[in-house]
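S.K.: The structure's right below; bear with me while I get my questions together.
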Amino acid sequence: SGSRGRGTRGSNLRVKLKLNFEEIAKGATKTIKVKKHIKCTTCQGSGAKDKNSVQTCTGCGGSGQVRKVQNTFLGQMQTVTTCPTCNGEGTTVTAKCTACKGEGRVYGEETVTIDIPAGVQEGMQLSIGGKGNAGERGGSPGDLIVLIEEEPHAQLHRDGLNVAFDLHISFPDAVFGTQVEVPTIDGRAKIKIPAGTQSGKIFRLKGKGFPQVNGYEKGDQLIQVNIWTPQHVSADEKEILEKMQGSPNFEPKPEKNEKSFFDKVREMFN
């Protein structure tokens, strides 16, 4: 039941909304069609056939409440309850609207525009006031609850505000150094791989991550280098590799102060 002259409030409605990395990074305006209860246009939500069919409730005189006086040993006690005749609405309908059968709402579809702030995350909920189900007989509408879902990226991986990318380079490129193009959440970026780069090395692109929702912080893009080992080599290549095998330059010499993989990851995400 609602307050005087108002029907029952509509229920909240939940919808899922899938966003890609670019939409999450920049924010987006999405237009969606929502199936729900909408206000009956025939009776403008009153539930009545016409204006003459809405009458002041005789049970409560339009207040939506009834007072009862009871005699107790302490004297007279007055209690106020919701009027059972009109369910607290203050009016009664003598002839119902045929389009909505007196409910003041019908099942239909509405187009809703949603403004998504930049930096939202999977599982986050946005509430849009008054865009849920229409109320009964002129009652206020419920809210639309939008549940955010993340569309996985083909190459990038999200970790909070940071973005991670696995870069695979060839053994000669690791030895001589190279320049490569990597995907980011807003286009592509060039990075320089210095000569002698080790597998597992992590490069950081500052500010190339996700923004904080309604905040000033911005994450980074972390690029981990993986040196690709060929599985098939030609006879000539095999000969060259066999010559290199005995060379002291190709003996692994990890530096004493070199951090382990776990230390690197811990550092990057702290």
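So for the sequence shown, our numbering puts the first residue at 499; every next one is plus one.
Where is the CB? At the ideal position from N, CA and C, for every residue including glycine.
This one's a predicted model, so the numbers in the text were calculated from it and none came from an experiment.
#1: By how many angstroms is the C-alpha of L720 removed from the C-alpha of N744?
#2: Does the CB of T590 have a neighbour CB from chain B at under 8 Å?
#3: List the DSSP bridge partners of L624.
#4: Which same chain residues, not among the five before or five after Q574, have their C-beta less than 6 Å away from its C-beta?
#5: Taking only three categories from DSSP, how would you classify D761?
#6: Could you check which residue in A523, G545, F669 has the C-alpha nearest to that of M440?
#7: In three-state DSSP terms, what is N747?
#8: If C555 sits next to C595, beta carbons under 8 Å apart, how far is it from one beta carbon to the other, in whole angstroms?
#9: Return the chain-ordered ranges of every beta strand (DSSP E) run that is complete within the segment 516-545 and spans a minimum of 3 residues.
#10: Could you tell me which of F663, V604, S638, T592 sits nearest to D718, measuring between CA atoms?
#11: So, do the segment 620-639 and the segment 601-609 have three or more beta carbon pairs nearer to each other than 8 Å?
#12: Between D684 and A526, is the Cβ-Cβ spacing less than 8 Å?
#13: What first and last residue would you give for the alpha helix (DSSP H) that runs through P681?
M.R.: With the given structure in hand:
#1: Just to set this straight, residue 744 is Gly in the shown sequence, not Asn. Answer to the nearest angstrom: the Cα atoms are 35 Å apart.
#2: The structure shown contains no chain B, having only a single protein chain.
#3: V644
#4: V567
#5: helix
#6: Missing from the structure shown is residue 440; the chain here goes from 499 to 768 and no further.
#7: helix
#8: Wrong, their Cβ atoms sit about 18 Å apart, outside the cutoff.
#9: 526-537
#10: F663
#11: yes
#12: no
#13: Looking at the DSSP string, P681 is not in any alpha helix (DSSP H); the run it does join, the beta strand (DSSP E), is 676-682.
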